[in-house]
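See structure below.
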Amino acid sequence: MKKRTEILMCPGDLQYPEGYGKINEWMDERHSVGSFMVKWVYRKVIKLVSFFGADIKLIPFQKEYPDMFFVRNAGLILPGEKRRVILSSFKHKERQGERDFYRKWFEENGFEVIDLPVGVIFEGGGEAIWYKNTLFFGHGFRAPINTTNHIRYALYKANLEANVVPLKLNDERFYHLDTAFMPIYGDGETTEDVLVYAPIAFDIEALKTIAALSIKRIEVSEEDACVFGCNFLAIGNNIIMAKGTKNLAYKLQNFYGFNVYEVDMAEIKKGGGSVYCMTLNIS
Ligand code: ARG
Numbered sequence: 066m067k068k069r070t071e072i073l074m075c076p077g078d079l080q081y082p083e084g085y086g087k088i089n090e091w092m093d094e095r096h097s098v099g100s101f102m103v104k105w106v107y108r109k110v111i112k113l114v115s116f117f118g119a120d121i122k123l124i125p126f127q128k129e130y131p132d133m134f135f136v137r138n139a140g141l142i143l144p145g146e147k148r149r150v151i152l153s154s155f156k157h158k159e160r161q162g163e164r165d166f167y168r169k170w171f172e173e174n175g176f177e178v179i180d181l182p183v184g185v186i187f188e189g190g191g192e193a194i195w196y197k198n199t200l201f202f203g204h205g206f207r208a209p210i211n212t213t214n215h216i217r218y219a220l221y222k223a224n225l226e227a228n229v230v231p232l233k234l235n236d237e238r239f240y241h242l243d244t245a246f247m248p249i250y251g252d253g254e255t256t257e258d259v260l261v262y263a264p265i266a267f268d269i270e271a272l273k274t275i276a277a278l279s280i281k282r283i284e285v286s287e288e289d290a291c292v293f294g295c296n297f298l299a300i301g302n303n304i305i306m307a308k309g310t311k312n313l314a315y316k317l318q319n320f321y322g323f324n325v326y327e328v329d330m331a332e333i334k335k336g337g338g339s340v341y342c343m344t345l346n347i348s
């Protein structure tokens, strides 16, 4: 029987305190995030996720760490029967304290927690994305390239045969891989596997690597990438996506057979994230 999809979320309200730095290009208005609207989005996304048949788990929110809302960065979930996670270790001091709360939650919920060596920066599911047995790893702004080998070693020690493919990010606005790169699995009947990605975000080598992949590709315009169009959550043939893309939602819906549900993510964007960032697939 197919495992049920489990999604972790964090019921935060994205209130950045005085002194919280601008840690990505989108955060100029971080001190004026509307708490009411964030909670509205949060409830809306929860409703859609459960409507599409996934189970929701919640990690308690810690007020001093508003970016816990973006729980995708908690760690990298490993595939397989065993529940295992490579714990994140954040670049910015603003987020470093989140780690202990993630560790606690994972341990209490039956995960084996894998640590990378002290000092290795890694921001979890925002930077590393699985497609079959390949792990795409976006580096450059948060994790540096040398995190790649630490991840390879951790996967090897975990007995996982995986191919780790580094992709260099080249545009500060797309600082985590999940802002510009999203492979989706089709059901093989009405939908096919497709990789949604924004070329603007990558360097030449990364673009060559992507071009050589044997998967259909949708190239996303800079404009749609800036709405965080790539940062959607797919559950089966259903996609929850930021409202406002010019072409992407239309394409996925009308040419590729997915059902796209758009949510107004404007308030969340002030933190520099969108739907995918505020969820973490844990099954
Ligand atoms: N303010 C957060 C940061 O800069 C946003 C994280 C978005 N998460 C993501 N997976 N892209 O770290």
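Residue 66 is where the sequence shown starts when you use our numbering, and the numbers rise one by one after that. We put the beta carbon where it would ideally sit given N, CA and C, even for glycine.
Residues bridged to residue i [DSSP beta-bridge criterion]
| i | result |
| --- | --- |
| S154 | F187 |
| W91 | DSSP, once it has assigned bridges, lists no residue as partnering W91. |
| N346 | I72 |
Range of the contiguous alpha helix (DSSP H) that encloses residue i
| i | result |
| --- | --- |
| E173 | E163 to E173 |
| M134 | A small correction: the amino acid at residue 134 is Phe; Met does not occupy that position in the sequence shown. It is not in any alpha helix (DSSP H) - F134 carries neither H nor E in the DSSP assignment. |
| I280 | That residue, I280, is in no alpha helix (DSSP H); it is neither H nor E in DSSP. |
| L113 | S100 to F116 |
| H215 | T212 to K222 |
| E332 | A331 to K334 |
| E373 | Nothing can be reported for residue 373, as the shown portion of the chain is limited to 66 through 348. |
Residue i versus residue j: straight-line alpha-carbon distance, rounded
| i | j | result |
| --- | --- | --- |
| D180 | E159 | 20 Å |
| V98 | L73 | 22 Å |
| G301 | D252 | 7 Å |
| V325 | I124 | 27 Å |
| M343 | K104 | 12 Å |
| K311 | L260 | 18 Å |
| G336 | D132 | 8 Å |
| A119 | I305 | 13 Å |
| A314 | Y321 | 10 Å |
| T70 | G205 | 31 Å |
| R168 | L152 | 7 Å |
| V106 | V328 | 7 Å |
| I265 | I88 | 20 Å |
| D268 | L232 | 8 Å |
Range covered by the beta strand (DSSP E) that runs through residue i
| i | result |
| --- | --- |
| N303 | N303 to A307 |
| F320 | Counting along the chain, F320 falls outside any beta strand (DSSP E), and DSSP gives it neither H nor E. |
| D120 | D120 to L123 |
Integer-rounded CB distance, given that residue j should sit under 8 Å from residue i
| i | j | result |
| --- | --- | --- |
| G191 | D243 | 5 Å |
| Y341 | F297 | 6 Å |
| E177 | K128 | That belief does not hold up - the Cβ atoms of E177 and K128 are roughly 29 Å apart, past 8 Å. |
| A263 | A307 | Contact flag wrong, Cβ pair sits at about 13 Å. |
| A225 | G203 | It is Leu, not Ala, that sits at residue 225 in the sequence shown. Incorrect: roughly 19 Å between the Cβ atoms, too far for contact. |
Residue i CB to nearest heavy atom of the ligand ARG below 7 Å
| i | result |
| --- | --- |
| H241 | yes |
| T244 | yes |
| F166 | no |
| D132 | yes |
| C342 | yes |
| T338 | Residue identity differs from the one stated: residue 338 is Gly in this sequence, not Thr. Flag set: Cβ of G338 near the ligand ARG. |
| M92 | yes |
| I88 | yes |
| R137 | yes |
| R160 | yes |
| G99 | no |
| G191 | yes |
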